[in-house]
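Structure record follows, encoded as structure tokens.
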Amino acid sequence: MSDIINNTIDFVKDKLNGAEAGHDWFHIERVWKLSKKIAKTENCQHEVVELAALLHDIADPKFHNGDETLALKISRDFLKSQNVEEEIINQVLFIIQNISFKNRGEAPEILPIELKIVQDADRIDAIGAIGVARTFNFGGFKNNLMYHTDIAPKLNMSKEEYKKSNGTTINHFYEKLLLLKDLMNTKEGKKIAEERHQFMLTFLDQFYKEWNVD
Ligand code: ADP
Ligand code: NI
């Protein structure tokens, strides 16, 4: 492994020291490995993919009191200190700025393949068994209800229904997680997401079965 990648790993581990379980170093490690796996199936710049995967959550404004500019500057300064070429730095920063779920649907063909790969990897880590675990971890942290029988969520809810069901952890599956497989950019990403999606459906079936003891 190159020195730059090794140093980036150390930098990210240090920055994420004490981060909550959903966005800790292990999330980054999974996204990095998934990104490498997908990158093997695409024609792309592997260094850009790896650096962006490793740095993608450092720039998240939620870690910097909402200051995205500061967050990006930290990553830029780090990459400069590693003598990474300006051209590569700009590509990496563009990716970490544009990767979030909020940009769903707006991914036109012109977006760089390197962004599409890391975005797929980040979304894949939000679904499947890991997705279930992260979601309940988040809900527990917020002290949200796991589920509420009177306000059971479903796909394609009306605004009114949505308002009522909003707030339970199970609702998060319908609000976000079950939508992710259709947002995959790459063929390999779609393949991995499909299997994890099926697992979440199985999980939800079993959850309702166990909830509704008869
Ligand atoms: P990301 O950083 O992956 O774009 P978020 O910061 O929104 O996503 O969420 C981090 C983790 O917490 C993800 O696994 C996500 O599914 C989960 N999460 C986010 N919002 C909720 C919620 N309202 N209820 C339960 N889990 C949530
Ligand atoms: Ni992430």
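One point on numbering: in the UniProt record's numbering, the residue at position 149 of the sequence shown is 149, and numbering is uninterrupted.
Every residue, glycine too, gets a C-beta built ideally from N, C-alpha and C.
Asked                                                                                                                                                     : Found
Does the Cβ of A121 have 16 or more other Cβ atoms within 10 Å, making it buried, or fewer, making it exposed?                                            : buried
Indicate whether F136 and T169 have their beta-carbon atoms separated by less than 9 angstroms.                                                           : yes
I'd like to know whether the C-beta atoms of G22 and R134 end up nearer to each other than 9 angstroms.                                                   : yes
Between the C-alpha atoms of N17 and K142, what's the straight-line distance to the nearest angstrom?                                                     : 21 angstroms
What ranges does the alpha helix (DSSP H) occupy inside the region 68–102, keeping only unbroken runs of at least 4 residues that lie completely in it?   : 68–81, 86–98
Measure the alpha-carbon distance for N144 versus T41 and round it to whole angstroms.                                                                    : 40 angstroms
Tell me, to the nearest whole angstrom, how far the beta carbon of L54 is from that of V12; I am working on the premise that it is less than 8 angstroms. : 5 angstroms
Give the list of continuous alpha helix (DSSP H) stretches no shorter than 4 residues that lie fully inside the region 9–40.                              : 25–39
Between Q97, E50, E87, which has its C-alpha nearest K73's C-alpha?                                                                                       : Q97
If I measure Cβ to Cβ from I113 and keep anything under 6 angstroms in the same chain, skipping five residues before and after, which residues do I get?  : E42, C44
Among the residues of its own chain, which have a CB less than 6 angstroms from the CB of D205, if the five just before and after it don't count?         : none
Consider the C-beta atom of N149 and the heavy atoms of ligand 1; say whether any pair is separated by less than 8 angstroms.                             : In the sequence on display, residue 149 carries Thr and not Asn. No, the Cβ of T149 stays beyond 8 angstroms of every heavy atom of ligand 1.
Going along the chain, which residues put their C-beta within less than 5 angstroms of some heavy atom in ligand 2?                                       : D57, D122
For R196 and E188, I'd like the C-alpha separation in whole angstroms.                                                                                    : 13 angstroms
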